[in-house]
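Trainee: Structure in structure tokens, see below.
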Amino acid sequence: MAAWDKIYKDKITKGYVDQSDLHDCVVTVLSESNYAPIADQLVAELVDALLAYSDNAIKKNYIVSSKDVTQAMIDLAREKIDQLYSVTSLSEVNAILSQLFTIIPRKMENVEDYLAHTEMDAAEIITREEALLDIMTGKVNQKTRHENKYQDGISNTILEENNLKIRPCTMDEIRHIKKYLGKESENKLKSAFYVKNEVTEAHFYDYCSKNQITEKDIHYLYHGSRNENWWNILIQGLSLRPKKSVVRTGAMFGHGLYFALRAKKSIGYSSLKGSYWSGGTSLTGFLAVYKVAYKNPFNVYRHTPEYKLFTKENVHRLGADAIFASKDQGMLVNDEVVVYDDKQATIRYLIELA
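And the structure:
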């Protein structure tokens, strides 16, 4: 015991942080093989691929695996990221980042390379850290649900435990998807899956009911993201981060969820090789079709700085429930739709691109 005390004091003296209160006393190790198998081979292969993308992102960026991360660590890391929105100086941003990097230990050769040096750096870093924490959160939540079911003696598929229903699209659905991808993007279609998240679907239709949204006010729009993000997006839904309304540097129309009417626009945010916005290098990427509920959009044709301040509250004060950003007067190359409530969107299709 004396030897341990000496090591402990030495570590603390050198600047290490005691985080033992963030760790669970007992760890139950369960692998994905503890799930019941998925009957459909194509769906099983899709899920395996999405899990591998998220696992690889964790291995690349964290010293620890998701099995070693507790909910307390997730909550504290989320708190630190939320604090980044309330500070103004780069020194404050970097002080919080330095704390964040120790909560769930990160894999870094030089911490300085991961800190902010300009205001735009800070905006991009916050987006990066939110995405990484979302990936880890999805894996930790999945682990927790699985442990609870496992202890109850219940053996479900990973889809059932995460309230997901996924099947390959029918030929009619494929034809419909190709039609709307258009000539410029239909050649990228490798496969497509019908996806239903029962939780986000229930929230979506509850929102529709409370806001008198009818079928004609449900729009099918595209959303693109990197491969490593998709498993968490499927199980958690698209989420506004942080939950409170904030001003987001670099977000053209404020604190919302962004969708496109044109597939090519959203493909630019995928991991597919050549994707414009994300600089994708992968031979495979993913694009989703979302059901998005709105009936009173505020139409924007020319951008002004105050539009970056849009939040749910001030959009509602305009008598609107969404922003429709039009390309008609040259502000954008492609139309965009932005909504400001998580419940306004739920996934319908996941399209694999190649």
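Letter 151 of the sequence shown, counting from 1, is numbered 151 in the UniProt record's numbering, and no numbers are missing.
Each residue gets a CB set at the ideal place from its N, CA and C atoms; glycine is no exception.
For Ser31 and Lys143, I'd like the C-alpha separation in whole angstroms.
Mentor: Because the pLDDT of Ser31 is 44, which lies under 50, any placement of that residue in the model is unreliable, and the question is left without a value.
Trainee: On a Cα-Cα basis, can you pick out the residue from Glu173, Ala320, Arg106 that is closest to Val289?
Mentor: Out of Glu173, Ala320, Arg106, Glu173 has the C-alpha closest to the C-alpha of Val289.
Trainee: Please confirm whether Lys265 and Ala345 have their CB atoms less than 9 Å apart.
Mentor: Against a cut-off of 9 Å, the Cβ pair of Ala345 and Lys265 comes out as no contact.
Trainee: So what does DSSP say about Arg302, is it helix, strand or coil?
Mentor: Looking at Arg302 - three-state DSSP - the assignment turns out to be coil, as it is neither helix nor strand.
Trainee: Where do the N-terminal and C-terminal ends of the beta strand (DSSP E) with Lys273 fall, by residue?
Mentor: Where Lys273 is concerned, there is no enclosing beta strand (DSSP E), given that its DSSP letter is neither H nor E.
Trainee: Does the separation of the CB atoms of Lys295 and Asp321 fall below 9 Å?
Mentor: Going by C-beta atoms, Lys295 is nearer than 9 Å to Asp321.
Trainee: Closest to Leu287 by C-alpha separation, out of Pro297, His316, Glu186, would be which residue?
Mentor: The candidate whose alpha carbon is nearest that of Leu287 is Glu186.
Trainee: Just how far apart, CA to CA, sit Ser209 and Asp341?
Mentor: Those two C-alpha atoms are separated by around 15 Å.
Trainee: Tell me which residue opens and which closes the alpha helix (DSSP H) that Thr102 is part of.
Mentor: Looking at the DSSP string, the run of the alpha helix (DSSP H) that includes Thr102 is 90-103.
Trainee: Hey, would you say Leu133 sits closer than 9 Å to Ile81, going by beta carbons?
Mentor: Yes; because the gap between Cβ atoms is below 9 Å, this pair is in contact.
Trainee: Exposed or buried, what is Met200 when buried is set at 16 or more other beta-carbons lying within 10 Å of its beta-carbon?
Mentor: Reading off the sequence, residue 200 comes out as Thr, not Met. Buried, since its Cβ has 16 or more Cβ neighbours within 10 Å.
Trainee: I believe Tyr194 touches Ile166 by the beta-carbon criterion, under 8 Å. Please report the beta-carbon distance rounded to the nearest angstrom.
Mentor: Right, their Cβ atoms sit about 7 Å apart.
Trainee: Kindly indicate which three-state DSSP category Thr200 falls into: helix, strand or coil?
Mentor: Here Thr200 sits in helix by DSSP.
Trainee: Please state the DSSP three-state secondary structure of His117.
Mentor: Residue state, collapsed to three classes: coil.
Trainee: Using C-beta distances below 8 Å, list every residue in its chain close to Val337, excluding the 5 sequence neighbours before and after it, in chain order.
Mentor: Excluding positions up to five away in sequence, the list reads His219, Leu221, Tyr258, Phe259, Ala260, Leu261, Val292, Tyr294, Pro297, Ala322, Ile323, Phe324, Ala325.
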